[in-house]
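Asker: In terms of the UniProt record's numbering, the sequence shown opens at residue 1 and continues consecutively.
Beta carbons: idealized from backbone N, C-alpha and C, even for Gly.
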Amino acid sequence: MSAHVEVIATDLRRAKVKVTPGTFLVDVLREACRKLNLSSDKYLLKHKQKQLDLSVPFRTSGLSPGAKLELVAKSSSPTVINVALQFSGRDAEQIPNGRLTAKFSSESTLWKVLRQFESSDASGGHNLNITARGTAQTSSGSQTGSGQLYYEAPVLNIMGRELSTMEDLQKTLSQCGFNSGSVLIRISFQPTTKTLYEAMEDISRYMKEVDPENTEEAAPAAAAVPTEDETLSAPPASSAVDTSDRIPTTAQARPETATTTPSAPKPAQQDTDRAVTAASSQRQPHDALAPVSVFQAPTGSVPAAALMSVPDTVYEPTIAHAQLHQARLLASTHNKRLKSDAELAADAAAQAARLAAVTALNVKVRFPDGTSAQWTLPADATGATLYAAVRNVMAFPKERFRLLLPGGKGVVADADAGQKDQLVRGYGLRGGVLVNLNWEDGVGDEARRSPFLKDTVARRAQQVVVPEVPDEEAEDEEDAKPVKAERSTASGSGGDGAGKKLPKWLKLGKK
Numbered sequence: 001m002s003a004h005v006e007v008i009a010t011d012l013r014r015a016k017v018k019v020t021p022g023t024f025l026v027d028v029l030r031e032a033c034r035k036l037n038l039s040s041d042k043y044l045l046k047h048k049q050k051q052l053d054l055s056v057p058f059r060t061s062g063l064s065p066g067a068k069l070e071l072v073a074k075s076s077s078p079t080v081i082n083v084a085l086q087f088s089g090r091d092a093e094q095i096p097n098g099r100l101t102a103k104f105s106s107e108s109t110l111w112k113v114l115r116q117f118e119s120s121d122a123s124g125g126h127n128l129n130i131t132a133r134g135t136a137q138t139s140s141g142s143q144t145g146s147g148q149l150y151y152e153a154p155v156l157n158i159m160g161r162e163l164s165t166m167e168d169l170q171k172t173l174s175q176c177g178f179n180s181g182s183v184l185i186r187i188s189f190q191p192t193t194k195t196l197y198e199a200m201e202d203i204s205r206y207m208k209e210v211d212p213e214n215t216e217e218a219a220p221a222a223a224a225v226p227t228e229d230e231t232l233s234a235p236p237a238s239s240a241v242d243t244s245d246r247i248p249t250t251a252q253a254r255p256e257t258a259t260t261t262p263s264a265p266k267p268a269q270q271d272t273d274r275a276v277t278a279a280s281s282q283r284q285p286h287d288a289l290a291p292v293s294v295f296q297a298p299t300g301s302v303p304a305a306a307l308m309s310v311p312d313t314v315y316e317p318t319i320a321h322a323q324l325h326q327a328r329l330l331a332s333t334h335n336k337r338l339k340s341d342a343e344l345a346a347d348a349a350a351q352a353a354r355l356a357a358v359t360a361l362n363v364k365v366r367f368p369d370g371t372s373a374q375w376t377l378p379a380d381a382t383g384a385t386l387y388a389a390v391r392n393v394m395a396f397p398k399e400r401f402r403l404l405l406p407g408g409k410g411v412v413a414d415a416d417a418g419q420k421d422q423l424v425r426g427y428g429l430r431g432g433v434l435v436n437l438n439w440e441d442g443v444g445d446e447a448r449r450s451p452f453l454k455d456t457v458a459r460r461a462q463q464v465v466v467p468e469v470p471d472e473e474a475e476d477e478e479d480a481k482p483v484k485a486e487r488s489t490a491s492g493s494g495g496d497g498a499g500k501k502l503p504k505w506l507k508l509g510k511k
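(1) Suppose you measure from the CA of T20 to the CA of N97; what does that come to, to the nearest Å?
(2) Output the boundary residues of the alpha helix (DSSP H) element that contains R115.
(3) Please confirm whether Y151 and A136 have their CB atoms less than 9 angstroms apart.
(4) From what residue to what residue does the alpha helix (DSSP H) around L12 run?
(5) Since V294 and R460 are thought to touch, with beta carbons under 8 angstroms apart, how far apart are those beta carbons, to the nearest angstrom?
(6) Which residue's Cα is closest to the Cα of R366: F452, R30, D347 and K68?
(7) Measure the C-alpha to C-alpha separation of R391 and V435 and round it to an integer number of angstroms.
(8) Pick from F104, G428 and Q51: whose alpha carbon is nearest that of P78?
(9) Please classify Q422: is it buried, with 16 or more other beta-carbons within 10 angstroms of its beta-carbon, or exposed?
(10) DSSP on M159, reduced to helix/strand/coil?
(11) Taking DSSP as the reference, what is the three-state secondary structure of Q422?
(12) Of the residues D347, A67 and L100, which one's Cα is nearest the Cα of I187?
(13) To which residues of the same chain is T231 closer than 6 angstroms at the C-beta, ignoring the five residues directly before and after it?
(14) Helix, strand or coil: how does DSSP classify H321 here?
(15) In chain order, what residues of the same chain lie with their CB nearer than 7 angstroms to the CB of Q419, ignoring the 5 residues before and after it?
(16) Compare the C-beta of T109 with all C-beta atoms of chain D and state if any pair is closer than 9 angstroms.
(17) How about V185 and V83: do their beta carbons lie closer than 9 angstroms?
(18) Relative to the ligand SAH, is the shortest distance from any of its heavy atoms to the C-beta of T101 smaller than 8 angstroms?
(19) Enumerate in chain order the residues of its own chain whose CB-to-CB distance from A360 is below 6 angstroms, with the five nearest sequence positions on each side excluded.
(20) Among residues of its own chain, excluding the 5 on either side of A297, which ones have a beta-carbon nearer than 7 angstroms to its beta-carbon?
(21) Going by CA-CA distance only, name the one from V433, G66, C176 and P291 that's closest to K409.
(22) Check V457 in the structure and name its three-state DSSP category.
(23) Output the distance between the C-alpha atoms of A381 and P303, rounded to the nearest integer angstrom.
(24) Using CA atoms only, rank isn't needed, just tell me which of M200, R30, L344 and L437 is closest to L405.
(25) May I ask you to report which of helix, strand or coil DSSP gives V412?
(26) Could you say which of L25, A389, P154 and A447 lies nearest to L63 if we only look at CA atoms?
(27) List the whole-angstrom C-beta distance separating V183 from I81, where the pair is believed to meet the contact cut-off of C-beta under 8 angstroms.
(28) May I ask which residues mark the beginning and end of the beta strand (DSSP E) holding V363?
(29) Looking only at C-alpha atoms, which of A356, C176, K398 and E316 sits nearest to E440?
(30) Run through DSSP, which three-state label would H4 get?
(31) Among E198, S174, L69 and Q51, which residue has its Cα nearest to the Cα of K16?
(32) For P154, does the count of other Cβ atoms within 10 angstroms reach 16, so buried, or fall short, so exposed?
(33) The alpha helix (DSSP H) with L25 in it runs from where to where?
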């Protein structure tokens with residue numbers, strides 16, 4: 001028995017999708033976006049102004065055949081999802097209730113979720129090995145055999161769907177239909193015909209093709225392999241150095257294949273050297289405090305943005321502006337309730353997830369003489385780190401100053417006491433931030449009148465280049481000529497020729 005549902009996009013285009021009782025709504029979304037030539041990662045489904053749970057099949061969704069579903073844009077910020085990993089068999093005996101729980105972002109892949117559960121933080125102190133399991137080969141159920149370790153692939157069961165291939169494990173929680181709430185993942189292990197070493201090489205090769213910049217989480221350590229009597233063993237390596245150290249250990253434990261299999265691949269050693277070099281360079285304080293860019297002071301008194309010529313057509317409202325204005329007026333007439341404690345907790349968790357996803361922060365500091373400098377700081381940088389970076393470029397580093405956040409958010413404290421002093425988690429800064437520097441009271445006239453930057457830094461200063469915007473007035477006039485001709489023809493044949501005009505009170509003023 002098959003039916004269909006109708007999906008309506010935001011531009012009123014429609015697409016019919018055939019469904020069966022076992023069709024998941026996330027597959028309906030993916031098929032509809034394919035027909036409408038849209039990205040399924042950016043949309044959700046609603047039915048009668050109610051958001052649908054994409055993780056359930058059509059049978060339990062409460063939808064009737066022929067239902068009309070609305071395609072709405074999904075929020076760009078990730079949400080927090082509670083993930084429970086349920087073990088079975090002998091694996092569940094060593095874990096309380098046979099289940100581990102942790103919070104993840106909706107943009108986390110299933111492979112990343114498994115790797116995170118292997119860590120000591122998410123596993124509650126248990127040593128888990130999920131992605132690099134292997135069992136010794138035996139014959140006829142006896143203890144005799146070659147002893148060769150064969151890879152056991154993890155198989156995930158989510159709402160009745162089994163995911164076992166590497167392509168399936170690279171799907172995010174959002175792509176599996178989970179955008180909020182909780183999800184239960186049942187895990188089991190399936191023996192394969194690949195040796196553990198070959199499987200680790202395939203996983204490493206696949207991960208480098210998918211995400212070349214993040215190869216640390218790609219291949220788990222081959223040494224963290226359970227024997228025939230062990231189900232849970234040591235956790236996999238968390239860095240490239242540990243991985244390169246453990247791979248030869250596994251090769252030595254298999255004398256039967258030592259002649260045909262190299263102890264460690266050369267690309268892995270090269271990646272390890274690069275990782276060690278990068279880590280050592282990041283630990284140097286001089287490199288961390290050196291600015292990425294230094295800019296000269298503006299030569300004129302008029303801001304560069306004010307010198308750009310903007311055509312008057314930019315300030316003319318369109319039909320879309322009028323519709324948006326009416327929608328906002330309608331929304332302002334509806335009563336809104338205060339958020340509950342659960343909603344406030346969810347918002348706080350979502351904000352914490354967004355801040356946790358920040359890996360670097362671009363800070364541009366504007367100095368009193370008009371010059372400026374930009375730094376790229378790590379996510380754990382504090383106010384003391386920023387103050388030290390500024391003093392590193394000052395001509396008078398002993399003078400006192402303060403750093404003001406934009407929008408009147410306060411002053412950055414020169415402290416390194418804990419998380420509250422971190423620029424990202426303490427002050428909530430993300431992306432690119434502009435900070436103004438003001439002198440403290442009591443600073444001498446010599447420091448105020450002299451150039452702020454020292455000579456070695458001032459030589460690197462470059463002029464701020466304003467991008468030139470191409471003049472599109474001529475193109476707009478050429479495009480407008482055929483439109484005016486069509487309007488005149490339509491008015492001559494249509495009678496009075498009155499067109500649709502906007503009221504004067506709705507036109508935007510030029511500011």
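Answerer: Reading off the structure:
(1) Whole-angstrom Cα-Cα distance: 36 angstroms.
(2) It spans L110 to E118 - the alpha helix (DSSP H) in which R115 sits, taken as one unbroken run.
(3) Their beta carbons are not under 9 angstroms apart, which means Y151 does not touch A136 by this criterion.
(4) Secondary structure note for L12: it is in no alpha helix (DSSP H), with a DSSP letter that is neither H nor E.
(5) Correct: roughly 5 angstroms between the Cβ atoms.
(6) The option with the nearest alpha carbon to R366 is F452.
(7) Our two residues, R391 and V435, have alpha carbons roughly 15 angstroms apart in a direct line.
(8) Closest option to P78, Cα to Cα, is F104.
(9) Buried, by the Cβ-count rule.
(10) In the structure shown, M159 sits in coil (DSSP, three-state: anything other than H, G, I, E or B).
(11) Strand, per DSSP.
(12) Checking every option, the nearest Cα to that of I187 belongs to L100.
(13) Reliability of the predicted coordinates at T231 is poor, the pLDDT of 40 falling under 50, and no value is obtained from them.
(14) In the structure shown, H321 sits in a helix (DSSP, three-state: H, G or I).
(15) Within its own chain, the residues whose Cβ lies closer than 7 angstroms to the Cβ of Q419, once the five positions on either side in sequence are excluded, are R425 and G426, listed in chain order.
(16) Given the protein chain composition of this structure (a single chain), no chain D is represented.
(17) The amino acid occupying residue 185 in the given sequence is Ile; Val does not appear at that position. It is a contact, given that the beta carbons lie within the stated cut-off.
(18) Of ligands this structure carries none, so the ligand SAH is not represented either.
(19) Within the same chain, A360 has close Cβ partners T376.
(20) For A297, where only same-chain residues beyond five positions count, the Cβ hits under 7 angstroms are D369, G370 and T371.
(21) Residue V433 is the option with its Cα nearest to K409.
(22) Three-state result, V457: helix.
(23) Going by the C-alpha atoms only, they are around 32 angstroms apart.
(24) Selected option, being the one with the closest Cα: L437.
(25) Of the three classes helix, strand and coil, the one that applies to V412 here is strand, per DSSP.
(26) Just measuring C-alpha positions, the residue of L25, A389, P154 and A447 sitting nearest L63 is L25.
(27) Between the beta-carbon of V183 and that of I81 there is about 6 angstroms, and that keeps the pair under the 8 angstroms contact cut.
(28) According to the DSSP assignment, V363 belongs to the beta strand (DSSP E) that extends over A360 to R366.
(29) Ranking A356, C176, K398 and E316 by Cα distance to E440 puts K398 first.
(30) The three-state reading of DSSP puts H4 in strand, counting E and B together.
(31) Answer by Cα proximity: L69.
(32) Flag for P154 reads buried.
(33) L25 to K35 is the extent of the alpha helix (DSSP H) around L25.
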